Every structure is written in structure tokens, then in C-alpha cells.
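Note sheet for the following structure.
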Amino acid sequence: RDKRLVNWDPKLQTAISEVNSGKMRRGLKHLHAALAAVDGGDTHTWLRAKGRYTLARALLNEADGYDLSGGERRVVRRLVARVDRIVAAEDQITTLVYLKEPEWILASMLLLGDSYRRLGDALVAAPPPPRLTPEEVVIYTAEVAKKAANAHTKAFHYWDQGVEVAARLGFESPKVQILKDRRAGLER
Numbered sequence: 001r002d003k004r005l006v007n008w009d010p011k012l013q014t015a016i017s018e019v020n021s022g023k024m025r026r027g028l029k030h031l032h033a034a035l036a037a038v039d040g041g042d043t044h045t046w047l048r049a050k051g052r053y054t055l056a057r058a059l060l061n062e063a064d065g066y067d068l069s070g071g072e073r074r075v076v077r078r079l080v081a082r083v084d085r086i087v088a089a090e091d092q093i094t095t096l097v098y099l100k101e102p103e104w105i106l107a108s109m110l111l112l113g114d115s116y117r118r119l120g121d122a123l124v125a126a127p128p129p130p131r132l133t134p135e136e137v138v139i140y141t142a143e144v145a146k147k148a149a150n151a152h153t154k155a156f157h158y159w160d161q162g163v164e165v166a167a168r169l170g171f172e173s174p175k176v177q178i179l180k181d182r183r184a185g186l187e188r
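Put into C-alpha cells, the structure is as follows:
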């Protein structure tokens with residue numbers, strides 16, 4: 001029998017569907033409650049992993065929505081909020097990994113790597129504060145480039161981890177090739 005059917009929880013699936021259909025506030029509330037009700041046991045691992053993935057995706061979508069342009073204080077607030085959401089998504093994904101469901105592990109590694117890549121790209125694209133002198137702009141740009149490189153390194157790490165997990169488990173999926181392609185795109 002398909003373990004997805006054996007480990008079925010209607011409240012959890014309904015909450016996931018609510019989030020996926022755009023009913024974010026209500027869906028996330030129901031998803032947190034449904035996961036709390038089934039966490040800690042050995043059942044529902046596939047659906048619990050899907051739920052954790054859904055939470056992580058919602059957090060990363062929110063993170064990606066924080067634009068890094070505007071006034072200096074606004075940019076700092078948005079950057080902090082963006083990083084906070086990414087870290088919260090990493091926590092969800094860490095919990096997901098312990099459920100040992102390769103399909104959702106790979107999807108999560110892809111999702112998290114993509115979000116770190118977008119963060120690095122956004123850092124590079126953000127204009128320097130207008131109050132800086134030309135000499136300070138050079139220093140600022142170099143420091144931002146280091147932070148962006150760190151975000152890109154994290155992206156590479158997550159994509160690489162996804163490829164390694166798939167290889168270790170002998171898991172085949174179209175996501176494996178996507179992870180390999182993303183990883184190759186960032187290799188130096």
C-alpha cells in the first residue's frame with residue numbers, strides 16, 4: 001500500500017490545501033495546529049513533511065517579498081525581516097529532514113537554495129545609501145559583495161546537500177537534475 005494513504009490525516013491535508021489555495025492566515029493557523037497534533041509520533045511522516053515544506057515555502061515567499069530598496073532604515077528593517085523568515089524556514093526544513101521523506105527533503109533543499117540565491121542577488125542589486133562618500137561607497141560595495149557571496153555559498157550548500165541526499169538514498173526525481181543545474185550555475 002502507498003504510505004501516503006496509510007499515513008493520511010484529513011486536518012493536516014486540509015490545512016495544506018488552504019495554504020496552497022492562498023488562504024494564508026487561516027491555512028497557516030490550521031497547519032500549525034494540525035502539525036502540533038501529529039508531531040512526535042511515527043505516523044504521517046510523508047504528510048507531516050509536506051506540511052513542514054508548505055510552512056517553509058510560505059516563510060520563504062514572505063522573505064522574498066521584502067524589497068531591499070528605499071531609505072536606509074527601511075532597507076535594514078526589511079533585510080532583518082527577510083533573514084528572520086529564511087532562518088524560520090530553515091528550522092522547518094531541519095524538522096522535515098528528520099522525517100526522512102526524500103521527496104520533500106529535495107524540494108526543500110531546492111526551495112531554500114533558491115531563496116538564498118535571490119537574497120544574494122538582491123543584496124548586490126540594492127543601491128548604496130546616498131549619504132556615503134565615493135570612498136565609502138567602494139568599501140560598502142565590497143562588504144555587501146561579501147555578504148552576497150555568503151548567501152550564494154549557502155545556496156550552493158543547500159543544492160549540493162540535496163544532490164548528496166538523493167545519491168545516498170538512490171532517489172531519482174526530476175528535482176535532482178534541477179539541483180545539479182542550480183549547483184553548477186554557482187560553481188566558481
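Position one of the sequence shown corresponds to residue 1 (my numbering), numbered consecutively onward. Note that the Cβ used here is the ideal one computed from N, Cα and C, for glycine as well. Note that the coordinates shown come from a computational prediction; the quantities given were computed from them, not determined experimentally.
Residue 164 to residue 145, Cα distance in whole Å?
The alpha-carbon atoms of residue 164 and residue 145 are separated by roughly 28 Å.
Residue 28 and residue 51: beta carbons closer than 8 Å?
Not a contact, by the Cβ cut-off of 8 Å.
Could you tell me if residue 125 is buried or exposed, where buried requires 16 or more neighbouring beta carbons within 10 angstroms of its beta carbon?
Looking at its Cβ environment, which holds fewer than 16 other Cβ atoms inside 10 Å, residue 125 is exposed.
For residue 118, name the three-state secondary structure that DSSP assigns.
When DSSP states are grouped into helix, strand and coil, residue 118 belongs to the helix group.
So what's residue 188 in DSSP terms, helix, strand or just coil?
Confidence in residue 188 is poor, its pLDDT being 49 and thus under 50, which makes the residue's placement unreliable; the coordinate value appears in the next sentence. Correct three-state label for residue 188: coil.
Quick check: what's the CA-CA separation for residue 86 versus residue 159?
Taken atom to atom, the span from the alpha-carbon of residue 86 to that of residue 159 is near 15 Å.
Measure the Cβ-Cβ separation of residue 78 and residue 67 and say whether it is below 8 Å.
Residue 78 places its beta carbon less than 8 Å from that of residue 67.
Per the contact definition of three or more C-beta pairs closer than 8 Å, is the stretch 99 to 113 in contact with the stretch 175 to 182?
Flag = yes, the stretch 175 to 182 and the stretch 99 to 113 touch.
Examine the Cβ distances between the stretch 120 to 140 and the stretch 90 to 97 and report whether three or more of them are shorter than 8 Å.
No, they do not touch.
What's the C-alpha gap between residue 149 and residue 10?
Just so you know, the alpha carbons of residue 149 and residue 10 end up roughly 43 Å apart.
Of the listed residues 71, 57, 72, nearest to residue 65 (C-alpha basis)
Here the closest residue by C-alpha is 57.
Around the C-beta of residue 115, are 16 or more other C-beta atoms found within 10 angstroms, so that it is buried, or is it exposed?
With 16 or more Cβ atoms within 10 Å of its Cβ, residue 115 is classed as buried.
Assigned secondary structure, residue 100 (DSSP; H/G/I helix, E/B strand, else coil)
Three-state result, residue 100: coil.
Cutoff 8 Å; reference residue 100; Cβ partners in own chain excluding five residues on either side
For residue 100, where only same-chain residues beyond five positions count, the Cβ hits under 8 Å are 45.
If we ignore side chains and look at the alpha-carbon of each, how far apart do residue 22 and residue 55 end up?
C-alpha separation (whole angstroms): 13 Å.
Need the endpoints of the alpha helix (DSSP H) that residue 129 sits in, please.
For residue 129, there is no enclosing alpha helix (DSSP H), as DSSP gives it neither H nor E.
Take the Cβ of residue 120 as the centre, count every other Cβ of all protein chains shown within 10 Å, and call the residue buried at 16 or more, exposed below.
By the neighbour-count rule (16 or more Cβ atoms within 10 Å), residue 120 is buried.
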